[in-house]
Every structure is written in structure tokens, then in C-alpha cells.
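Following: one structure in C-alpha cells, then a few remarks.
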Amino acid sequence: MDRSETQRTQNYKVGLETDHNEGYLSEFVFTEFKVFLFCQTMIRRFSFAFLLLLGFLAVFYYVSSYQQELQADSWDGYLESQAKAIVDKMTPEELTGQVIHVAIPGKSLDQTAEKEIEEILPGGIILFGMNLGSKQEILKLNYELQKKSMESSKLPLLISVDQEGGRVLRVKDGVTQFPGAMALGQTKNADYAYKVGFVTSYQLRKLGLNFVFAPDLDINNNPDNPVINTRSLGSTPEMVSTAGIGYEKGARVGGAIPTIKHFPGHGDTNVDSHLGLPKIDKTLEELEKMELIPFQESIRQGAEVVMSAHIVYPKLDPNFPATLSSKILTGILREKMGFKGVIITDAMEMDAIDVHYKDSDPGVLAILAGADILLMTSWGKTTRDMKNQILTAYKKGTFQKGERDLLKEAAYRQVLLKLKHGIVYEFSPKKSAAKEKLTELEQKELNFFQEQLAEREKSFLEIFSPTLNAEVSRASIVSFPTSLNPASVKAEETIFAVRGKEFETVLTEKNLPNVNSGKIPALLKENKYKRVVVTTFSQLELDLAAGLAKRYSDIEVVALHYGTPFLKLNTLSNLKILFSFSPTVESKKALLYSVVERTSPIPVVDLILKNSSDKTASKKQ
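Numbering (the numbering used here) for the sequence shown: 580 to 1200.
Rendered as C-alpha cells:
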């Protein structure tokens, strides 16, 4: 008890002794008061101890977090210094090769592929369907490519592939064939997007494919777009951002480095840059309100690679497409948007570049603009010409800007990316930890690589399930022009006239009959059917479904459409078109399951589409 408490006790006791109620009551009150003061003192002491404990825990947490940040900064600093040391030792031939990615002709390391690696010394190789056979063939090819690259340049390759899902599936064996980007966007589920991105990336890395050109962050707000189309996640910045950022973050953890594309936006054009030079006549302010939103948010959340678009934006740069424009790649992407990662061009052989800028040294222009990797989809003379173009310019000092060496910076960013994702360590010669003592640094490198592997394996066990593909595919099904209530018509009141093994399999599982479309008129005369279900992929098939709906206005016609939705769509009240946006097996099954099994209404498609009565774009909500 402190001095003030003692004094209060004495004063109170004196007061009690002078009170007329002396005796038992006074003694009882005094005793109770002492108990009260004791409790008050203990509470204060306990509170102080509790606060002291909280303070200690807070300090411990802060120190621990600070130590982790220091360790992370220290490790990042080590990787950066290692990347710089690697690049500083490169010859001009090695530097120029590192910034070029090439293709090869076959499914094996043949003489052409060997010569390509030996002569170009490429930083990476892109693989297409013609290169990708069975799982075993893919594993063998990638192993041989990496081995050859280590022999030739002492650095491993970024081995890339377009694996967007849906209609863009280069790898068929050893992976899950998820629905495409537009289907994923229609789920409006960021968790699904994360899982699909992770599983896709994880499975690719397991096959030796460590670089994936997805997700596509183009906003398809032009229904006449011939090239992006269903490769887009949606028609609004919100939809593309939700699914695109979720996918990119999942893929970044999965093992294959994701690429956001095509900066600053390829959605609002009706020209295919493979075949021509598109132009988008928008100001920077207009782009910032639409096309740039998903890119900016993805960069803010850690995206590491951006692919440029071969599109001219006259109000940003009247002279060059984005791939060759320093105003766009450096001025906007790097300086204004703060992107510090790797910029890779779209394929340099596309007509947008090859036809219009072939005589202007486009490879040199791209590096000067801010690109780090020149993507080539060929081999032989074309890639040798590109390397000579870059090498000649480098020897002339074209890439020297004051104290900066732009070519070295480009190579540095790519090498750093390989280091961060464990690709350099994966293929570098190593000591046997069981036989030789590792240095502290070698042990850290080993730990870093093993932690990456362990984290991926743990996440895969938590995320992947055999039903994930079916869940995502079913969640992506939407209806046009209005919602469809599948349960409003019984199965026995439905005529199924579907074509395709996947659809027929579902009907067999459900013990439901399937008929030839030619028998529909005769069956409808029986007056016991209320719905006809058909499958469509093309404009012609959609028109046939619309014709059926016009002829039988009292019958509901449901078209299970697994092609592009950007066709002329009829808005007849008794015609419902269900979209899967994807021709994969699970997407087709999901279309039919939506009719025979689903009980809740199917939501309306949320895209800018066109219809037969209005040829201009209109958003169907």
C-alpha cells in the first residue's frame, strides 16, 4: 500500500472513531474498505503487468517483423548483386542473345534446335502445339533444351507457352484443361481465378515450362475484335481486374512466371495485329479510365512481366506502336505507372511490326523504347538477322545513354527474374550436400529453392481437387438475352438434339434420349414437349436455332453454344442461348448439366455483345 493509500486509511479510521456508530459496524466497514483498497491496488498492479506484457509482445513482433524485412531485403540485395555480376561478365554476343527468345521446329532437340541455341544464345524459347506432345515428350524436350543452354551460355532458359485456357491450349497432356479467360471472368469469382492460375502454373512448371503468357488483361469492349475476343476476361475494368489479378497472383506462386498482356490494351480494336497495324485513337486520360485500370492494379499487386501490344495510339505516340514507343513503354509503363519488372514484346514477326517497320531496325527500337525481351516465333535466318541487328547497334554505342547501358539493363532484369524464381539454381551445377560441406551462401541458396518447392507442393495439395475444373466450368455458364430457369421444364418434356461426344455422354449418364435434329418437327406434333435443346458453335448453327424458335413460338428453344458469343444474336423471347465461351470437355458438359441438373436460374451474360436487330455494341445485363 503506498503512502497516499495509508493516509486515506488513517483519516477514514479517525472518522469512524468519532462517529456515533462505533463498535462492530465501524470495524466491519473499516475491514471492507481495507479489502476494497487491497483489490484496487492489485488491479492496478495487474493492469501494469498486463500492459507491460502487451508492450513486450508488441516490441517482439516489431523486432521480428523488422528482422524478416531485413532478411528479405538482404536476400533481394544478394540476388540483385548476383544478377549484376552475371551480366557484367557477358560478352556482347551473350548480351544480345539473352534479350532474344526464339522458337524451334520440332518435338525434340534436333540439329536445327541445337544450332539455334549455339548461335543465338537465347534467353528463352517459346513452344507451340507442334512442339508439345505427350507429357514424357515435353519433359524430355525441356530437359534437353536446358542442358544445351547451360552448355552454350551457362544460363538456363525461360521456356514459354501460350496457355490461356479455352481455345488457347498449347499443352494438352499432363495439365488440367480449364475453360478460357472469358468463362473465368463470367464466374465473377476471384478465388476461382486464383486457383485456376495457380494450378495452371504449377502443372506447367512440373513439365519444365517456367514462363506462361497469361493472363490477358485486355478489356474486350469492342464486340468486333477479331483476335482478343473470348481470350479476354470481360468487357469492363472491374471484371477483368477481379479475374485477371486473381489469376496472376495464383500463377506467380505456382511456378511458371505469368505475363500480363497486351499493354496498354488490345481490346478496343477491330484489326488483328497478326495481320495488320491496329490504331486506337484514345487519350491517356481515356485509357486511364478503362484499358489501364487492370494493368495498374496488377502492377500495384506485384506483377513481374508485361507484354506489349503492336498497336498505334496516335494521341500517345503518332509515330510508333506501343512495342516500339519509348513514350509508352518508358514514359507511361515504367515512369508513370511505376513498373520495374520485365517487358517482353509480342511476336516481332507479326505483320504490325514486320510489314510496317521491318526496315527501321524494330529490334533496336524496341530495346530503346524500354523492352527487355524480343519475342521471336521463328528460327534460322530471321533470328540471326535480329541478333545481328542488335549486336551491330550495341557495338556502335546505340544503347549507351550517358552512364546507362540499356542492353545490359534489359539482360539484368531477365536474369534477375530467373534468379528470383529459382530457375538459375535449378539448372546450375551443385555440390552434394551429403558429401561436401556447403558454404553459408550455398546453404541459403539451397534453402531458398527448397522453400519455393515446398510452398508450391503445399499450396497444390490445398488448392487442387479433381472437381475444380467442373466447378469453374459450371459456374461460368450464362444466358442470353434473359435468364433461363432450367427447372421450369421437366426432362421428359424436353427434346434433346445435341451433337458431340461430351454432350452425348451426359445424356447417357442421365438415361435421357438424344435424337437427330431432323426428327424435331415430328416429335413436336405430339404436343407433349415444352423445350428443345440443341448444340451450336457457328453463326449458321445459331441461325438454325433461331429459325426453330421462330417456327415454334410456343416452344422454348435452348442453344448450348460453345463458340464465340460475338456473333449476330437473335433476341426472340422463346430463344435462350447458353454460353460456355470454351470448347473444352468440361465446358461442354457444363452446358448440358445446366439444363438437366441445375435448379437455380442461370444468370444473364455480362458482356458487350451484338445482336441481329442492332448491329452496334450493346451491353446485355
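Ideal Cβ placement from N, Cα and C applies to all residues, glycine included.
Terminal residues of the beta strand (DSSP E) in which residue i lies
{"i": "residue 901", "result": "Unbroken run through residue 901: none, as it is neither H nor E."}
{"i": "residue 895", "result": "Premise fails: residue 895 is in no beta strand (DSSP E) and is neither H nor E."}
{"i": "residue 886", "result": "884-887"}
{"i": "residue 704", "result": "703-706"}
Whether residue i touches residue j by CB criterion (8 Å)
{"i": "residue 926", "j": "residue 951", "result": "no"}
{"i": "residue 851", "j": "residue 893", "result": "no"}
{"i": "residue 833", "j": "residue 781", "result": "yes"}
{"i": "residue 791", "j": "residue 842", "result": "no"}
{"i": "residue 1189", "j": "residue 1148", "result": "yes"}
{"i": "residue 825", "j": "residue 873", "result": "no"}
{"i": "residue 713", "j": "residue 752", "result": "yes"}
{"i": "residue 903", "j": "residue 972", "result": "no"}
{"i": "residue 830", "j": "residue 789", "result": "no"}
{"i": "residue 1103", "j": "residue 1131", "result": "yes"}
{"i": "residue 1112", "j": "residue 1096", "result": "no"}
{"i": "residue 882", "j": "residue 890", "result": "no"}
{"i": "residue 774", "j": "residue 1040", "result": "no"}
{"i": "residue 1115", "j": "residue 1128", "result": "no"}
{"i": "residue 1271", "j": "residue 764", "result": "What is shown of the chain runs 580 to 1200, which leaves residue 1271 out entirely."}
{"i": "residue 718", "j": "residue 1003", "result": "no"}
{"i": "residue 1068", "j": "residue 1109", "result": "yes"}
{"i": "residue 986", "j": "residue 922", "result": "no"}
{"i": "residue 1064", "j": "residue 1077", "result": "no"}
{"i": "residue 801", "j": "residue 848", "result": "yes"}
{"i": "residue 895", "j": "residue 871", "result": "no"}
{"i": "residue 920", "j": "residue 992", "result": "yes"}
{"i": "residue 746", "j": "residue 1162", "result": "yes"}
{"i": "residue 939", "j": "residue 1053", "result": "no"}
{"i": "residue 705", "j": "residue 956", "result": "yes"}
Residues sharing a beta bridge with residue i, DSSP
{"i": "residue 1110", "result": "1073 and 1135"}
{"i": "residue 1154", "result": "1136"}
{"i": "residue 1115", "result": "1140"}
{"i": "residue 1058", "result": "1157 and 1183"}
{"i": "residue 979", "result": "984"}
{"i": "residue 739", "result": "705 and 790"}
{"i": "residue 680", "result": "703 and 954"}
{"i": "residue 837", "result": "791"}
{"i": "residue 748", "result": "742"}
{"i": "residue 1017", "result": "Per DSSP, none; premise fails for residue 1017."}
{"i": "residue 842", "result": "887"}
{"i": "residue 912", "result": "Residue 912 is not bridged to any residue."}
{"i": "residue 858", "result": "891"}
{"i": "residue 1063", "result": "1181"}
Start-to-end residues for the alpha helix (DSSP H) that takes in residue i
{"i": "residue 923", "result": "That residue, residue 923, is in no alpha helix (DSSP H); its beta strand (DSSP E) goes 921-923."}
{"i": "residue 1006", "result": "1002-1006"}
{"i": "residue 1170", "result": "1164-1175"}
{"i": "residue 776", "result": "769-785"}
{"i": "residue 945", "result": "941-948"}
{"i": "residue 576", "result": "Here the chain comprises residues numbered 580 to 1200, so residue 576 is not present and cannot be evaluated."}
{"i": "residue 686", "result": "Careful: residue 686 lies outside any alpha helix (DSSP H) and carries neither H nor E."}
{"i": "residue 967", "result": "960-974"}
{"i": "residue 866", "result": "863-867"}
{"i": "residue 1088", "result": "1080-1088"}
{"i": "residue 761", "result": "760-766"}
{"i": "residue 1101", "result": "1099-1103"}
{"i": "residue 873", "result": "871-879"}
{"i": "residue 807", "result": "Careful: residue 807 lies outside any alpha helix (DSSP H) and carries neither H nor E."}
{"i": "residue 931", "result": "930-933"}
Any non-hydrogen atom of the ligand SAM within 7 Å of residue i CB
{"i": "residue 735", "result": "Inclusion of the ligand SAM in the displayed structure is not the case, the ligand content being empty and no account of it being possible."}
Any chain D beta carbon closer than 8 Å to residue i
{"i": "residue 959", "result": "Among the chains in the structure shown there is no chain D, since it carries only a single protein chain."}
Inset, instruction - Give a yes or no on contact between the region 1076-1095 and the region 1147-1167, applying the rule of three or more CB pairs nearer than 8 Å. - result: Verdict: yes, contact present.
Inset, instruction - Check whether the region 1065-1073 touches the region 800-814, taking contact to mean three or more Cβ pairs, one atom from each stretch, closer than 8 Å. - result: The answer is no - the region 800-814 does not touch the region 1065-1073, with fewer than three Cβ pairs under 8 Å.
Inset, instruction - Evaluate the contact criterion for the region 756-776 versus the region 716-727: three or more CB pairs, one atom per stretch, below 8 Å. - result: no
Legend entry - Sufficient close CB pairs (3 or more, under 8 Å) joining the region 1148-1156 to the region 1048-1059: Put simply, the region 1148-1156 touches the region 1048-1059. At least three CB pairs are less than 8 Å apart.
Inset, instruction - Would you be able to state if there are at least three C-beta pairs under 8 Å between the region 1131-1150 and the region 1023-1039? - result: no
Legend entry - the region 692-702 contacting the region 662-682, beta-carbon criterion three pairs below 8 Å: Touching, per the Cβ criterion.
Inset, instruction - Could you tell me whether the region 970-979 touches the region 926-938, where touching means 3 or more Cβ pairs closer than 8 Å? - result: no
Inset, instruction - Decide yes or no for the touch test of the region 707-719 against the region 656-672: beta carbon pairs closer than 8 Å, at least 3 of them. - result: No, they do not touch.
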